[in-house]
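Participant: With full-length UniProt numbering, the residue at position 16 of the sequence shown is 16, and numbering never jumps.
Here it is: the structure, laid out below.
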Amino acid sequence: MNDHKGILLESGTNELEIVEFQVGQNKFGINVIKVKEIIQPIEITFIPHAHQHVEGIVQLRGEVLPVVSMNRVLGIPVQNKSDQEKFIVAEFNKQRVVFHVDNVTQIHRISWDQIEKPSDIYQGGSSHVIGVIKRLEEMILLIDFEKIIVDINPESGISVESVKKLGKRERSDKKIVIAEDSPLLRKLLHDTLMEAGYANLEFFENGLDAINYLEQLTSVTSDISEHVQIVVTDIEMPQMDGHALTKKIKEHKNLSKLPVLIFSSLITDDLRHKGDQVGAEDQISKPEIAELVLKIDKFIL
C-alpha cells in the first residue's frame, strides 16, 4: 500500500481510487489519497477517559498515534472478532490517525459522478456517510473521516476564533463562490467568512453545480469578474471533485482569469502538485481558515 503514489491518477479527470473495507457485514470506502499504509493490528495502549470512539494509542515507527474504532463510530456492535482485522493508517488535515476495521478487501477506481449524495431522509444530521457508490448488487458507503475526527476533537475543526485573531476587518462585497459538500463545513465556512467581512457568498454542494452556475453567468457577461471575484473549492465531492472543477474553470475562455483556491484536508507536500497541475492559484489545508482568509484578501482585495 505504501507505494500507491505511483498509481495516482492524473489531476482533473474526476476520478478517484477508494480502499474498500468492512465493518461487520457492511462495506465502506476511504479515498486512497488519505491512506498512508494498511497494517496488521498491533498492541494498543489503553488511555483512561479517552473519547468513546478511541480505543487507545499505538506506537508506529516512533510516532504515537490514536486508534479509532470504526465499530464504535458507526454504531455497529462487534459480533464475532474478525481474524482479518486491519489498521488503516490515514493522514489528512495535517494529522495521522489509525482506523481499526474488520477487513480491507480491495481498491476500486471510480468516477466522482458515480457517487450519489446521500438522501436527507436516511442520512440524518449526524451521519458519517458522504456518498453512496452502487456496484452491481452491492453498495459501498463513502465515509466522512474529517467529521469523525472533529467529533472526537472539536479543536481540530474550523474555528471562528482564528479569524477573530486577525483583528477588526473591513466589510467586502466581493463575491465568493464556494464548492463544499459537507453541510457542517458549509456552515462553518459561512460563519467564519462572514466574521472576516465577506458577506457575499454563494455555496454549492459539488463542483458540477458550481461550474454550471459559473457557465450560466458567462452567457450573460464576457467579464466574469463583474459577478464573481474568486472560487474556493474542496477536493472530495460527489459528481465533480475540486481538481476537475479547477481544470474546467482554467480551460474555459471566459472563466480562466477567475482565481481558484483549493481548501481541503488533502493538501500535503505529496499531493500539492495535483492542484498545481490544474492551475489553482493556491492551496490551503483544512482547517487553516485564517490562512484561507488571508489568501482571499491577497487575490481579490
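Heads up, the beta-carbon is just placed ideally off N, CA and C, and yes, glycines get one too.
The model shown is predicted, which means the values in this text are computed figures rather than measured ones.
Would you list the residues sitting across from F204 in a DSSP beta bridge?
Facilitator: A179.
Participant: Identify the continuous alpha helix (DSSP H) that holds S119 and give its terminal residues.
Facilitator: No alpha helix (DSSP H) holds S119; DSSP gives it neither H nor E.
Participant: Let's see if you can read the secondary structure: which residues bound the beta strand (DSSP E) around M139?
Facilitator: 138–143 is the span of the beta strand (DSSP E), which, as asked, contains M139.
Participant: Straight-line CA distance for I158 to L166?
Facilitator: Cα to Cα, I158 sits roughly 15 Å from L166.
Participant: Can you tell me where the beta strand (DSSP E) with E55 in it begins and where it stops?
Facilitator: Per DSSP, E55 belongs to the beta strand (DSSP E) from 54–60.
Participant: Based on the DSSP secondary-structure assignment, which residues constitute the bridge partners of L16?
Facilitator: Answer by DSSP bridge pairing, in chain order: I110.
Participant: What is the residue span of the beta strand (DSSP E) that K253 lies within?
Facilitator: Counting along the chain, K253 falls outside any beta strand (DSSP E), and DSSP gives it neither H nor E.
Participant: Output the distance between the C-alpha atoms of G6 and N31, rounded to the nearest integer angstrom.
Facilitator: Because the pLDDT at G6 is just 40, under 50, the model does not fix this residue reliably, and the value given afterwards should be weighed accordingly. Approximately 15 Å between the Cα atoms of the pair.
Participant: Candidates L261, P238, L136, K274: which alpha carbon is nearest L294's?
Facilitator: Cα-wise, what sits closest to L294 is L261.
Participant: Excluding sequence positions up to five away, which residues of its chain have a Cβ less than 6 Å from the Cβ of D144?
Facilitator: Cβ within range, chain order: H128, I130.
Participant: Would you kindly check if the distance between the Cβ of I115 and the Cβ of residue 302 is under 9 Å?
Facilitator: Shown here, the chain extends from 1 to 301; a query on residue 302 therefore has no answer.
Participant: If we count Cβ pairs, one from each stretch, closer than 8 Å, do we get three or more for the stretch 11–31 versus the stretch 226–242?
Facilitator: They touch, by the three-pair rule.
Participant: Tell me whether V228 sits in a helix, a strand or coil according to DSSP, three-state version.
Facilitator: Three-state DSSP puts V228 in coil, outside helix and strand.
Participant: Go to S264, then tell me how far its beta strand (DSSP E) extends in each direction, as first and last residue.
Facilitator: That run of the beta strand (DSSP E) goes 260–264.
Participant: Nearest CA to the CA of Q84: which residue from R72, I39, P77?
Facilitator: Comparing Cα positions, the closest option is I39.
Participant: Report the option in F87, G29, I42, V23 whose CA atom is closest to the CA atom of W112.
Facilitator: Answer by Cα proximity: G29.
Participant: Taking the continuous alpha helix (DSSP H) assigned at A90, which residues delimit it?
Facilitator: That residue, A90, is in no alpha helix (DSSP H); its beta strand (DSSP E) goes 86–92.
Participant: May I have the straight-line CA-CA distance separating N2 from D209, to the nearest angstrom?
Facilitator: Unreliable positioning characterises N2 in this predicted model, as indicated by a pLDDT of 43, which lies under 50. A coordinate reading is not provided.
Participant: Please classify H100: does DSSP put it in a helix, a strand, or coil?
Facilitator: Reduced to three states, the DSSP call for H100 is strand.
Participant: In chain order, what residues of the same chain lie with their CB nearer than 8 Å to the CB of P154, ignoring the 5 residues before and after it?
Facilitator: Cβ neighbours of P154 beyond the five flanking positions: none.
Participant: With G29 as the anchor, note down where its beta strand (DSSP E) starts and where it stops.
Facilitator: Segment 26–31, the beta strand (DSSP E) holding G29.
Participant: Could you spell out where the beta strand (DSSP E) holding R135 opens and where it closes?
Facilitator: Element bounds for R135: 129–135.
Participant: For D102, count the other beta carbons within 10 Å of its own beta carbon; 16 or more makes it buried, fewer makes it exposed. Which is it?
Facilitator: The residue in question, D102, is buried, as its Cβ has 16 or more Cβ neighbours within 10 Å.
Participant: Assuming V177 contacts V228 under a Cβ cut-off of 8 Å, what Cβ separation, rounded to an integer in Å, is found between them?
Facilitator: Indeed, because the Cβ distance is near 5 Å, the residues count as touching under 8 Å.
Participant: Hey, F87 and V58: beta-carbon distance below 9 Å or not?
Facilitator: For F87 and V58, yes; Cβs fall inside 9 Å.
Participant: Just verifying my parser: in three-state terms, what is the DSSP assignment at D289?
Facilitator: One detail in the question is off: residue 289 reads as Ile in this sequence, not Asp. If DSSP states are grouped into helix, strand and coil, I289 belongs with the helices.
Participant: I'd like to know whether the C-beta atoms of V160 and T192 end up nearer to each other than 9 Å.
Facilitator: Cβ distance < 9 Å, so V160 and T192 count as in contact.
Participant: Considering just the uninterrupted stretch of the alpha helix (DSSP H) at K164, what are its terminal residues?
Facilitator: Its alpha helix (DSSP H) spans residues 160–164.
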